[in-house]
Structure formats: C-alpha cells, structure tokens
Amino acid sequence: LDDYEEGTWDAAISCGSGTVTVAAAQTTQSYIKIGRKVFLQGAIGASAVSSPSGTFRVTGIPYTVSSDQADYADRSAGSVSLWNITGTCGNMVCVIFGGGTDIAFQDSGTQTDAESDHWQVNAEMRFSLNYETNA
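So in the numbering used here, spot 99 of the sequence shown is number 1486, and the numbers just go up one at a time.
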C-alpha cells in the first residue's frame, strides 16, 4: 500500500436557513484513504439549534468526490442512524454525488432530502460512508 493515509476532518452542519451547531466534542471526525477510496465514519451531535429549516448537509469532508461517471465512481451511499430527532425521517441513507464536497441525507425509498427542522439540542447521528476521489 503505497498510498495509505489516516487523518481527521472538521464536520459542520449546513441548513437551508437557521443553524444547527455541532457539539464541540464531536466536530472532529476521522477518515482513512487508501488509493482513491476514502472511508468516513463519525458521530455528530447538536449542542444548539436556532430555527433550522431546509435541506440538511454535513460539510467539511477531506476530499472532493470523484466526478468520473464512467464507472459510477461519482456516486456513493452509506448508512446513518439518528437519535433524539423530532418527527420521522424514514429510512435514511447518507449520499455524496460526483464532484461533491458535502454529505446529503435522504430517505432511501423516496430519495427525499432530510430536512433540518428535525434537529434539536442533544440530537445525534452516526454515519459510515466510503467514496472515490480523484486525489
């Protein structure tokens, strides 16, 4: 393995409007990169919320997702678990699309984006995802 790397990245939450603040103890996430494959695993909790609404994203991933559509390297999906959220969010998966720099969360059946208004203080999500990069 001549291209192996372990590191950390700082996660933040992006909403259409309003804010969800990541708990200080959970901003730093880890990754492993082997060749072009990047493996992310993390847990993010909310320490404060202020009228969040709109599409929910996690930003700050360490490498941009490949834009190579020939071998579907531009698509990725992973698992996610949510705790202490309001309402229901269906069967959620985390996804990143080609050239992307953030993680989206969608209902696996309807492909509807997760909405930020489900977040409240002490809500938490855990995720595992891998994707390809051009780096």
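Every residue gets a Cβ at the ideal spot worked out from N, C-alpha and C, and that includes glycine.
* Whole-angstrom distance between Gly-1429 and Arg-1423, CA atom to CA atom -> Against the sequence shown, residue 1423 aligns to sequence position 36. Against the sequence shown, residue 1429 aligns to sequence position 42. Going by the C-alpha atoms only, they are around 20 Å apart.
* **Own chain partners of Lys-1420 with C-beta closer than 6 Å, once the 5 adjacent residues on each side are dropped** => Against the sequence shown, residue 1420 aligns to sequence position 33. Once the five neighbours on either side are set aside, the close Cβ partners of Lys-1420 are Glu-1392.
* What separation, rounded to the nearest whole angstrom, lies between the Cα atoms of Ser-1495 and Gly-1405? -> Numbered from its first residue, the sequence shown carries residue 1495 at position 108. Numbered from its first residue, the sequence shown carries residue 1405 at position 18. Using only the alpha carbons, I get a separation of about 25 Å.
* Can you find a CB in chain D that lies within less than 8 Å of the CB of Asn-1517? -> Chain labels in this structure do not include chain D; a single protein chain is all it has.
* Asked: Under the three-state reduction of DSSP, which class applies to Ala-1522: helix, strand or coil?
  -> Position 135 of the sequence shown holds residue 1522. Secondary structure at Ala-1522: coil, using DSSP grouped into helix, strand and coil.
* Helix, strand or coil: how does DSSP classify Ala-1501 here? -> Residue numbering aside, residue 1501 sits at position 114 when the sequence shown is read from its first letter. In the displayed model, Ala-1501 falls within coil according to three-state DSSP, outside both helix and strand.
* Please report how far the alpha carbon of Gly-1486 lies from the alpha carbon of Leu-1427, in whole angstroms. => By one-based count along the sequence shown, residue 1486 stands at place 99. By one-based count along the sequence shown, residue 1427 stands at place 40. Cα-Cα distance, rounded: 17 Å.
* To do: Could you name the residues of the same chain whose beta carbon sits closer than 7 Å to that of Gln-1413, not counting the 5 residues immediately before and after it, in chain order?
  => Taking the sequence shown and counting its residues from 1, one reaches residue 1413 at position 26. Cβ neighbours of Gln-1413 within its own chain (closer than 7 Å, five residues either side excluded): Ala-1430, Ile-1431, Gly-1432.
* Asked: Quick one: Cα of Glu-1511 to Cα of Asp-1489, how far?
  -> For the purposes of this step, residue 1511 is taken as the residue at position 124 of the sequence shown. For the purposes of this step, residue 1489 is taken as the residue at position 102 of the sequence shown. Straight-line Cα distance between these residues: approximately 18 Å.
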